[in-house]
Amino acid sequence: MKTILKGFHSVCVALLAASIFYLGYALLKTAARVEVMVTTSEGIAEKLGPVVDLSPEFLDESEQLRGTATEVVAEVEAVRSLVPRILDESAAIRQSMPAILEQTELMRKESEQIRAEVALFRAQVPGMLAELEAYRALVPQVLDESQRIRETIPPTLNRVERIVLEADEIASEAGENVFTGMISGIFKAPVKLLGNVTDFLLPSNTQLSESDIAELKKRMQDFLSIAQIGDVQTFVTEEPTISLQFELLSHMQIDSMDCRLVALRSRKANKLFKQTELQICLDDDGNWFLHGSEER
């Protein structure tokens, strides 16, 4: 029995010794690991140092981002409120697109017509240019003819005036109203003056109406009284293609009388038909007359 107890005691001692040895070994291993962990934790602490230093900045930035987020949310809300209007506008545009497309189609067809007409006009341009060139070639001849006519008018008027003066002497014996229709050298009334002058200026198949004569009388009377040198006045008759124009060329004193040199022109369809120049003077009684007439 004692032998068994001694053997059991020896086994227990051996197990205890083995346990103590293993515990020591485990403690050594644990100490080594703890040292490694301490070293590692120091490295981690060193790495976390800058992060800890930056944390205030991160906090400030986060605060700013939080404030900005509020503004962003408000802006998003404003944009969201605009979305219905944008959708309505898009719907309106979508509805108007067919009409726009139809109008575009009409414009395209009209542009084709315009291009066709332009092509026709372009084809006519050479002929028009040739015709204009022909007119340009005629201009010198027309100007020469106009100059010859202008030089012929004063002598012709002088001869006509002499005839009128002689005829007026005969007419005065039979009564002033018997002889009419020619240029009179006497300006006892502006109506008679204008009637006779226009007989010369107008085409042979054209006569002024009574309303034209009355209006022309008034305008001529006013023109002779107030016009300045260079002033031009145009009178369009009831026949719109015919107009009369008078221009004050100069003022002068003849035999102590106030006189005017007036150019009278007639136009038919905007083209010069006839023209003449008259010296008209104002007598003591306030009547205008052609200078050179013995009677006033």
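Using our numbering, you'd call the opening residue of the sequence shown number 745 and step up by one each time.
The beta carbon of each residue, even a glycine, is placed where N, CA and C say it ideally should be.
{"Asked": "How is the alpha helix (DSSP H) around E954 delimited, first residue to last?", "Found": "E954 to I970"}
{"Asked": "What distance in whole Å lies between the Cβ atoms of V976 and S987, which are believed to be in contact at a cut-off of 8 Å?", "Found": "12 Å between Cβ atoms; not a contact."}
{"Asked": "With E991 as the anchor, note down where its beta strand (DSSP E) starts and where it stops.", "Found": "I986 to I998"}
{"Asked": "Work out the CA separation of E846 and Q839 for me, nearest whole Å.", "Found": "12 Å"}
{"Asked": "Does DSSP put A915 in a helix, in a strand, or in coil?", "Found": "Low confidence applies to A915: its pLDDT is 46, below 50, so where it sits in the model is not reliable, and the reading given next is rough at best. Reduced to three states, the DSSP call for A915 is helix."}
{"Asked": "If we ignore side chains and look at the alpha-carbon of each, how far apart do V883 and I973 end up?", "Found": "29 Å"}
{"Asked": "Please classify M851 as buried or exposed, where buried requires at least 16 other C-beta atoms within 10 Å of its C-beta.", "Found": "exposed"}
{"Asked": "In whole angstroms, what separates the C-alpha of Q989 from that of I858?", "Found": "42 Å"}
{"Asked": "Determine the DSSP secondary structure at I1021, reduced to helix, strand or coil.", "Found": "Here residue 1021 turns out to be Glu, not Ile, going by the sequence shown. Note: E1021 maps to strand in three-state DSSP."}
{"Asked": "Measuring straight from C-alpha to C-alpha, what distance separates F1017 and T985?", "Found": "11 Å"}
{"Asked": "Please name the residue, chosen from V1006, T812, T978 and H753, that lies closest to N1014 on a Cα-to-Cα basis.", "Found": "T978"}
{"Asked": "Alpha carbon to alpha carbon, what distance is there between E819 and T784?", "Found": "49 Å"}
{"Asked": "Which residue wins for smallest C-alpha separation from L992, given the options D1002, C1003 and A1007?", "Found": "A1007"}
{"Asked": "Per DSSP, which residues does D1002 bridge with? Please list them.", "Found": "Q997 and L1026"}
{"Asked": "What does DSSP give as the partner residues of S1010 in its beta bridges?", "Found": "L988 and K1018"}
{"Asked": "Beta strand (DSSP E) containing Q977: first to last residue?", "Found": "V976 to V980"}
{"Asked": "With a 10 Å radius around its C-beta and 16 neighbouring C-beta atoms as the bar for buried, classify L759 as buried or exposed.", "Found": "exposed"}
{"Asked": "May I have the straight-line CA-CA distance separating M841 from V862, to the nearest angstrom?", "Found": "31 Å"}
{"Asked": "Check whether the Cβ atoms of Q1023 and L1005 sit closer than 7 Å, and answer yes or no.", "Found": "yes"}
{"Asked": "Buried or exposed: where does C1025 fall if 16 or more other Cβ atoms within 10 Å of its Cβ makes it buried?", "Found": "buried"}
{"Asked": "Using only the alpha-carbon positions, how far apart do I748 and F765 sit?", "Found": "25 Å"}
{"Asked": "My understanding is that M1001 touches D1027, with C-beta atoms under 8 Å, so please give their C-beta distance in whole angstroms.", "Found": "7 Å"}
{"Asked": "Going by Cα to Cα distance, which pick from V816, V827, S994 and F752 is closest to E1021?", "Found": "S994"}
{"Asked": "Under 7 Å, do E982 and D956 count as touching if we go by C-beta distance?", "Found": "yes"}
{"Asked": "Buried or exposed: which applies to F802, given that a residue is buried once 16 or more other Cβ atoms fall within 10 Å of its Cβ?", "Found": "exposed"}
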